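My numbering puts the first residue of the sequence shown at 156, with every later residue one more than the last.
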Amino acid sequence: MTVRELVVLGTASQVPTRTRNHNGYLLRWDGQGLLFDPGEGTQRQMLLAGVPSSAVTRICLTHFHGDHCLGLPGVVQRMSLDGVTRPVPVHSPASGRPFLDRLLAASAFRDVTDLRPEPVREDGVLDPGPPVLEACRLDHAVDAVGYRLVEPDGRRMLPDRLAAAGIAGPDVGRLQREGVLDTGGRTVRLAEVSAPRPGQRFAFVMDTRLCDGMHTLADGADLLVVEATFLHEDAALAHEYGHLTARQAAGVAAECGVRRLVLTHFSQRYPDPRAFRDEAAAVFAGDLVVAEDLATVPLPPRRAP
């Protein structure tokens, strides 16, 4: 059984609080585990959330401010301690490579994990998948990128129609690959025994002002994880420091047809998280989640064909 869900490891921005750890997010997508922006304390949060280090198959950093990357050394060293030896791609802005090198060599340890830095130099495809992993530049105080996963549209096989056509076993796969199959004296086309299956989309947007890249990433997302550092009363401050307000984040989600919106990366200046929900709900009518540490957020069911 496939699992597609977001495990929230931390939700604080620059300063952690008594109830919010620094950033950290693990996306479970079928057999993959994409770790986004592991801030300080992520290794311990993974333990509390029941996420083993072996679950991490790819690491994606949006930028090199400390609340988004200072937990990387602990996670990487734990992976080696646990004997994770397979290749693990590490994506991050190319201009931050010196920071990445220092983080990966922050202390002495027995390094057995095959980490493979893959710098993001321009917008576009990082891994053809499936699903396709893409990156897009954002607008922050330092070079920053956002990420999205795009599952291609496909078709869902219909067991009753397959049985009626006498198609079973290896012939099912052959029909999926070739689109047509000659069997029992007749020609069966894929469309006759299947239905459209829309692909799913996940987008991850951290520190940024409003920009085209954010809209590109959020377009049609089934699940959008986005920073909402400030409330709109502090919109000028948000713009100065390269951040979003809850209203701005929700407005983009509404414009882009997002189905489930996860707000996170909250400033310690706001003690009541309900304020973020109220502000976002005024402009976004979809499924809204104000993230909490150690929560799990599933991708919504597939869109109707």
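Think of the CB as a built atom: it goes at the ideal place given N, C-alpha and C, for glycine as much as any other residue.
The model shown is predicted, which means the values in this text are computed figures rather than measured ones.
Next item on the list: Going by CA-CA distance only, name the one from Leu236, Leu202 and Leu227 that's closest to Asp256.
Entry: Leu227 is the residue among Leu236, Leu202 and Leu227 whose C-alpha sits nearest the C-alpha of Asp256.
Note to self: Just verifying my parser: in three-state terms, what is the DSSP assignment at Val267?
What the structure shows: coil
Notebook entry, point to check: First and last residue of the beta strand (DSSP E) that includes Thr338?
Noted result: Val335 to Thr338
Notebook entry, point to check: Do you know whose CA, among Thr157, Gly188, Asp192 and Arg233, lies nearest Glu382's CA?
Noted result: Asp192
Check: Exposed or buried, which one is Phe421 when buried takes at least 16 other CB atoms within 10 Å?
Finding: The residue is buried, with at least 16 neighbouring Cβ atoms inside 10 Å.
Next item on the list: Could you pull out every residue in the same chain whose Cβ sits closer than 6 Å to the Cβ of Tyr302, ignoring the five residues on either side in sequence?
Entry: Once the five neighbours on either side are set aside, the close Cβ partners of Tyr302 are Cys215, Ala290 and Phe359.
Notebook entry, point to check: Among Gly188, Leu288, Ala391 and Asp294, which has the Cα closest to the Cα of Glu273?
Noted result: Leu288
Next item on the list: For Gly453, count neighbouring Cβ atoms within 10 angstroms of its own Cβ and tell me buried if that reaches 16, exposed if not.
Entry: Inspection of the sequence shows that residue 453 is occupied by Pro rather than by Gly. Its Cβ having fewer than 16 others within 10 Å, Pro453 is exposed.
Next item on the list: Could you have a look at Asp282 and say whether DSSP puts it in helix, strand or coil?
Entry: strand
Note to self: On the criterion of 16 or more Cβ atoms from any shown chain inside 10 Å, does Glu434 qualify as buried, or is it exposed?
What the structure shows: buried
Next item on the list: Can you tell me the Cβ-Cβ gap for Leu313 and Ser349, rounded? I've got them flagged as a contact below 8 Å.
Entry: 6 Å
Notebook entry, point to check: Can you tell which of Arg292, Thr451, Thr342 and Pro456 has the C-alpha that lies nearest to the C-alpha of Arg183?
Noted result: Thr451
Checklist line | Candidates Ala401, Ala405 and Arg414: closest to Leu378 by CA position | finding: Arg414
Next item on the list: Could you tell me which uninterrupted alpha helix (DSSP H) segments, each at least 4 residues in length, are contained entirely in the stretch 270-325, listed from first to last along the chain?
Entry: Correct list: 314-319.
Next item on the list: Within its chain, find whatever has a CB closer than 7 Å to the CB of Arg241; leave out the 5 residues flanking it on each side and keep chain order.
Entry: Asp269
Margin query: On the criterion of 16 or more Cβ atoms from any shown chain inside 10 Å, does Ala346 qualify as buried, or is it exposed?
Written below: Around the beta carbon of Ala346, fewer than 16 other beta carbons lie within 10 angstroms, which makes this residue exposed.
Notebook entry, point to check: Using DSSP with H/G/I as helix, E/B as strand and the rest coil, what is Asp367?
Noted result: helix
Note to self: Classify Gly328: buried if its beta carbon has 16 or more other beta carbons within 10 angstroms, exposed otherwise.
What the structure shows: exposed
Check: Under 9 Å, do Ser247 and Val230 count as touching if we go by C-beta distance?
Finding: no
Next item on the list: Measure the beta-carbon distance from Ala362 to Ala299 and round it to whole angstroms, keeping in mind my assumption that it falls under 8 Å.
Entry: One detail in the question is off: residue 362 reads as Asp in this sequence, not Ala. 6 Å between Cβ atoms; contact.
Next item on the list: Check whether the Cβ atoms of Leu418 and Ala401 sit closer than 9 Å, and answer yes or no.
Entry: yes
Check: Whose C-alpha, out of Val211, Pro253, Arg310 and Leu189, is nearest the C-alpha of Ala459?
Finding: Arg310
Note to self: For Phe254, tell me which candidate among Leu236, Phe219, Asp266 and Val380 has the shortest Cα-Cα distance.
What the structure shows: With distances taken between Cα atoms, Phe254 lies closest to Phe219.
Notebook entry, point to check: Applying the criterion that 16 or more other CB atoms from any shown protein chain within 10 Å of the CB defines a buried residue, is Gly251 buried or exposed?
Noted result: buried
Next item on the list: Would you kindly check if the distance between the Cβ of Val267 and the Cβ of Gly238 is under 9 Å?
Entry: yes
Note to self: Less than 6 Å between C-beta atoms, sequence neighbours within five positions excluded: which residues of the same chain meet that for Arg159?
What the structure shows: Trp184 and Leu454
Margin query: With H, G and I counted as helix, E and B as strand and the rest as coil, what does DSSP make of Gly412?
Written below: coil
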